[in-house]
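What follows is a short report on a single structure.
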Amino acid sequence: MIGFLHPWALAGLLAAAIPILLHLLARREPPTVLFPAVRYLITTTREHQRRLKLQHLLLLLLRTLLIIALVLAAAGPTLPRSGMAGHAPGALVLVVDNSPSSGVIVEGTARLTQLQAAGRGVLARATADDALWLLAADGVPRRGDPETLIEQVGALTVSPRRLDLGAALGVAGEILAGASRPGEIALLTDLQASALAPAELRVPLVVGRPAAPPPANVGISRMETGPQPWGAAGGRLVVALAGDSGGATPVSARLGARPSRQALARVGGAAILAVSGVPSGWWSAEAELDPDELRLDDHRVGVVRVAPVARVDWDSSSRFAAAACEVLEANRRITRGTEVTLGRLARGSSIVQPPEDPAGLGALNRALAARGVAWRYGAPVDGTATTDSGVLVGRVRVVRRFQLQSAQSGRTGVLATVAGAPWLVRSGNVVLLGSRLDPAWTDLPVSAGFMPFMDALLNRLARGEVALADGAPGDAVPLPDLVSEVRQGEREWPVEGGGVFRPGEPGAYYLVAGADTVGAIAANIDPRESLLAAAPDGQARTLWSNARIVALEDVPGEVFNSAARGDLRGPLLWAALLLALAETALASLWKRQAR
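FYI, the numbering for the sequence shown is 59 to 653, going by our numbering.
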């Protein structure tokens, strides 16, 4: 069935009646002659009029067809016919998967180079009438003409950001939802199995994937630095491997510029490297593998804080907190002292629990105000709730708690929440808990996360160091309150505490509050990028209904054919040109003959 891009232009078909009207107005009836002497002239005139009528009808037909051809061309007709030269103007989103896995070398060529060649071929088929977008791993849609986008495809480099293919197709579908022209998506990818995700598509999809299988690969999936801070005795780096190679792989790791330590590990296992004699401070940790076909996952960074363990004074009347402190002391994570006081408000750094008897809240709040603490204890909260999962505390049940109310504007210093309300806060060197560390108040003391929580509470939170986070480039990493700046070497990013930060590249980023470094973010590529195995075509068709999956070199021939409609404007304009030339030639010829 013939369709029209601009059906309103068909109203111009009424102009086809203009030549007919002009022809009718120009018709002349020969006068009636009553004199016998002119009968001979009448006969001659009739024969001449027959020839003129034939000429006029032919010109009328040519002019009418010329107007019809021009009007139809303006309406933009399309025909459901494959194999036609050209295509109807359409909308296309070209998705190029330049995630870390595209940096793998296959048969001497980077996978990204193959994707770029296919992308240039796709855009070479586009015309100035097509609406075009380019979407890469950074998730930013770029609109442009074919020449501009071809340059941008050629300028793409391997991105450290992971591309979720389902999410990318969803973004492409949203772009095309607002387009007035028929749309389609061309996805150029290594079809990595770990990157596949479902997507609801309402436009045709062409998927181009390489024919050659990926090579075997081993990468570093994670590097654990253990409880922070490290003491003077040092600590351990645990380096885990991922991939599909079964042999033992040498792993090296180092702290700062110190000499590397080496060990062997296998995929699915880990190498444990002890590091001792480290001075106090913030240290970057690095782990490396020997280079292979995929280089980006052969290096991983972490951050280590080295400081003397906290000297803690704890109250033995709080049974579970006291037991945790004794275990930490036995493992040399804390020592006895007065640097940090647990359970009550003291002169130095203090971790305060609410009193068992609510009658003691008034005196405690007055003491907090005298100390300049920006938080107060409020009324008890009825009902059981659950902590909101975070870096410090997972999801644990809270049976009894008191409200924590800010005495100043805003809610700076919130470290953990219950149902969105503050439950663990810090102001200066004072930390307030909304519940007592007792099973009658919360399940935290009997959970597996209690000892890591107590370690972080005593060694980090009470000292004002609040965050050691991991993230991938491009991911949103929550920032603690009061953080004003993120630094990496000489680069600085002003930030707002309580917001998020998106690291752009792998590396260590330090969180600064005022003049103090209070935490760090270790950004590394997503460990799933080390799994290079491609998904079967059938799995992709199941997740993306009606997707056409072809080899990369075949994608240019598949795009702009999804709707199987050819553009008829070109043939119509050629026909109009021929009609105009014929009309001009005949009119000129007959005019000369009439002379």
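Think of the CB as a built atom: it goes at the ideal place given N, C-alpha and C, for glycine as much as any other residue.
Q: Can you tell me which of 456, 508, 584 puts its alpha carbon nearest to the alpha carbon of residue 299?
A: 584
Q) If you draw a straight line from the alpha carbon of residue 490 to that of residue 475, how long is it in whole angstroms? A) Rounded to whole angstroms, residue 490 and residue 475 show a C-alpha spacing of 12 Å.
Q) Is the CB of residue 296 under 8 Å away from at least one CB in chain D? A) Here there is only one protein chain, and chain D is not present.
Q.
Which of the three DSSP states is assigned to residue 142 in this structure?
A. Low confidence applies to residue 142: its pLDDT is 49, below 50, so where it sits in the model is not reliable enough to give any reading.
Q: Measure from the alpha carbon of residue 251 to the alpha carbon of each residue in 199, 462, 590, then state which is nearest.
A: Of the candidates 199, 462, 590, the one whose C-alpha sits nearest the C-alpha of residue 251 is 590.
Q | One or two residues paired with residue 163 in a DSSP bridge | A | 168
Q.
Please report the distance separating the alpha-carbon of residue 658 from that of residue 377.
A. With the chain running from 59 to 653 in the structure shown, residue 658 is simply not present.
Q: Assuming residue 493 and residue 456 form a contact by the criterion Cβ under 8 Å, report the distance between their Cβ atoms to the nearest whole angstrom.
A: 6 Å
(Q) Would you call the stretch 555-575 in contact with the stretch 501-515, where contact means no fewer than 3 C-beta pairs closer than 8 Å? (A) no
Q | Residue burial classification, residue 547 (beta-carbon count within 10 angstroms, cutoff 16) | A | Looking at its Cβ environment, which holds fewer than 16 other Cβ atoms inside 10 Å, residue 547 is exposed.
Q) Nearest-angstrom Cα distance between residue 621 and residue 598? A) Here the model assigns residue 621 a pLDDT of 48, short of 50, so the residue's position is not dependable, and the following value carries that caveat. Taking the straight line from one Cα to the other gives about 21 Å.
Q. How about residue 607 and residue 520: are their beta carbons less than 8 Å apart?
A. no
(Q) On the CB-based measure, 16 or more other CB atoms within 10 Å of its CB, does residue 155 come out buried or exposed? (A) Burial call: buried.
Q. Between the Cα of residue 540 and the Cα atoms of 550, 529, 525, which residue gives the shortest distance?
A. 525
Q: On a CA-only basis, which of 631, 301, 246 is nearest residue 170? Give me that one, please.
A: 246
Q) What's the gap between the Cα of residue 142 and the Cα of residue 615? A) The predicted model places residue 142 with a pLDDT of 49, which falls under 50 and marks its position as unreliable; any figure quoted below should be read in that light. Using only the alpha carbons, I get a separation of about 12 Å.
Q.
Please classify residue 558 as buried or exposed, where buried requires at least 16 other C-beta atoms within 10 Å of its C-beta.
A. exposed
Q: To the nearest angstrom, report how far apart residue 432 and residue 234 are at their CA atoms.
A: Computed Cα separation, rounded: 51 Å.
Q: Measure the Cβ-Cβ separation of residue 161 and residue 198 and say whether it is below 8 Å.
A: no
Q. Can you tell me the Cα-Cα spacing of residue 395 and residue 522, whole angstroms?
A. 18 Å
Q | C-alpha distance - residue 306 paired with residue 274, whole-angstrom precision | A | 14 Å
Q. Mapping DSSP to helix, strand and coil, what is residue 407?
A. strand
Q.
For residue 626 and residue 135, which I take to be in contact (beta-carbon distance under 8 Å), what is that distance rounded to the nearest angstrom?
A. With a Cβ gap of about 4 Å, residue 626 and residue 135 count as contacting.
Q: Decide if residue 205 is buried, meaning its Cβ has at least 16 other Cβ atoms within 10 Å, or exposed.
A: exposed
Q: Sort 381, 399, 612 by Cα distance to residue 509 and report the nearest one.
A: Cα-wise, what sits closest to residue 509 is 381.
Q | Rounded separation between residue 499 and residue 458 - CA only | A | 5 Å
Q.
What does the alpha-carbon distance come out to for the pair residue 444 and residue 477?
A. 7 Å
Q | Euclidean distance between Cα positions of residue 439 and residue 482 | A | 15 Å
Q: Give me the Cα-Cα distance between residue 527 and residue 486, rounded to the nearest whole angstrom.
A: Straight-line Cα distance between these residues: approximately 22 Å.
Q) Going straight from the alpha carbon of residue 367 to that of residue 285, what length do you get? A) 11 Å
Q.
Could you pull the DSSP bridge partners for residue 444 from this structure?
A. Answer is 455.
Q) Out of curiosity, what's the CA-to-CA distance linking residue 72 and residue 646? A) 27 Å
Q) In three-state terms, what does DSSP make of residue 618? A) coil
Q) Does the Cβ of residue 531 have 16 or more other Cβ atoms within 10 Å, making it buried, or fewer, making it exposed? A) Buried, since its Cβ has 16 or more Cβ neighbours within 10 Å.
Q | Buried/exposed call for residue 139, threshold 16 Cβ in 10 Å | A | Its pLDDT being 49, under 50, residue 139 is placed unreliably in this model, and the coordinates cannot settle the point.
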